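Residue numbers (my numbering): 13 to 237. The C-beta atom is built at its ideal place from N, Cα and C for all residues, glycine as well. Being a predicted model, the structure only gives us computed values, none of them experimental. Worksheet: the structure to be examined is printed underneath.
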């Protein structure tokens, strides 16, 4: 694939490394550097590329011919990714998106800027996805549903048809949202939660760790030491 666009990745965590790998292998972006806020700058290079202070990014990489992707997960209910991407856009940078060539995105899906959609996502007809949304691998987004701005959907979640997911919401692995449900903004849906009715803004749905059985796994499976 011809690399026709130059990209800076904001962040230096595991997501930043993953973003580098995906953009490099499966996009027309050439990653030319990383950037973090000056107070968190740990090293001058990452993965062989320069790391520049975010506050002075435009002194190193011109906004005229560079794109930015902010590889931050759901910190502060997605506020950190939102703040940094908004600041980069205000500096004059275009915001990049990554859409895996192995994701299934129906032709009439509406997709906002600065999104990252991993492999094996299924996004059905008439879905609307706002800006600054992350869909980790293997999710199902049902027809006529809306995912509003600044959401993070972890792996293998199911959002059924005609749902509305409020902005800044996090949905954990294997969570399920039934048909015709409105999830309020700033919600946290823990792993494996099932949402069967509308939720209020700011709701947190925890997942309880099950207690271990009184018998050990070794004894149950008759493992001889």
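Practice problem: Report back the beta-carbon spacing between residue 202 and residue 191 to the nearest angstrom; my notes put them in contact at under 8 angstroms. | Solution: The beta-carbon separation of residue 202 and residue 191, rounded to 21 angstroms, does not stay under the 8 angstroms limit for a contact.
Quiz prompt | Three-state secondary structure (DSSP) of residue 97 | solution = Residue 97 sits in a helix when the DSSP states are folded into three classes.
Quiz item: What number of angstroms, rounded off, separates the C-alpha of residue 123 from the C-alpha of residue 69?
Solution: Straight-line Cα distance between these residues: approximately 27 angstroms.
Self-check item: Under 8 angstroms between C-beta atoms of residue 107 and residue 125
Solution: Yes; because the gap between Cβ atoms is below 8 angstroms, this pair is in contact.
Practice problem: For the beta strand (DSSP E) containing residue 81, list its first residue and its last residue. | Solution: Unbroken beta strand (DSSP E) run through residue 81: 79-82.
Quiz item: CB-CB under 7 angstroms to residue 114, same chain, minus the five flanking residues each way: which ones, in chain order?
Solution: Same-chain partners within the cutoff: 131 and 132.
Quiz item: So what does residue 29 bridge to, in DSSP terms?
Solution: Answer is none; residue 29 lacks a bridge partner.
Practice problem: Would you tell me roughly how many angstroms separate the C-alpha atoms of residue 86 and residue 229, rounded to the nearest one? | Solution: Those two C-alpha atoms are separated by around 35 angstroms.
Quiz item: Closest to residue 102 by CA distance: which of 118, 159 and 66 is it?
Solution: When the alpha-carbon of residue 102 is set against those of 118, 159 and 66, the nearest one is in 66.
Quiz prompt | Where residue 107 falls: helix, strand or coil (DSSP) | solution = It is a strand residue.
Quiz item: Tell me, which residues are paired with residue 152 by DSSP?
Solution: Under the DSSP definition of a beta bridge, residue 152 partners with 134 and 170.
Quiz item: Taking the beta strand (DSSP E) that residue 69 falls in, what are its first and last residues?
Solution: Residue 69: not part of any beta strand (DSSP E); member of the alpha helix (DSSP H) spanning 69-72, first to last residue.
Exercise. Out of 222, 127 and 109, state which residue places its alpha-carbon closest to the alpha-carbon of residue 42.
Key: Answer by Cα proximity: 109.
Practice problem: Count the other CB atoms, across all protein chains shown, that sit within 10 Å of the CB of residue 118; report buried if there are 16 or more and exposed otherwise. | Solution: When all chains shown are included, residue 118 counts as exposed.
Quiz item: Going by beta carbon distance, what residues of the same chain come within less than 7 angstroms of residue 59, once the five residues before and after it are set aside?
Solution: Shown here for residue 59: same chain residues with a beta carbon closer than 7 angstroms to its own, the five before and five after excluded, namely 29 and 32 in chain order.
Self-check item: C-alpha distance - residue 175 paired with residue 27, whole-angstrom precision
Solution: Looking at the two C-alpha atoms, the distance is approximately 28 angstroms.
Quiz item: Where does the unbroken alpha helix (DSSP H) through residue 232 begin, and where does it stop?
Solution: From DSSP, the alpha helix (DSSP H) with residue 232 extends over 229-232.
Quiz item: Is the beta carbon of residue 188 less than 8 angstroms from the beta carbon of residue 199?
Solution: In terms of Cβ geometry, residue 188 and residue 199 do not form a close pair [threshold 8 angstroms].
Quiz item: Span of the beta strand (DSSP E) holding residue 42?
Solution: Per DSSP, residue 42 belongs to the beta strand (DSSP E) from 41-48.
Exercise. Sort 153, 19, 77 and 95 by Cα distance to residue 63 and report the nearest one.
Key: Among 153, 19, 77 and 95, the Cα nearest to that of residue 63 belongs to 19.
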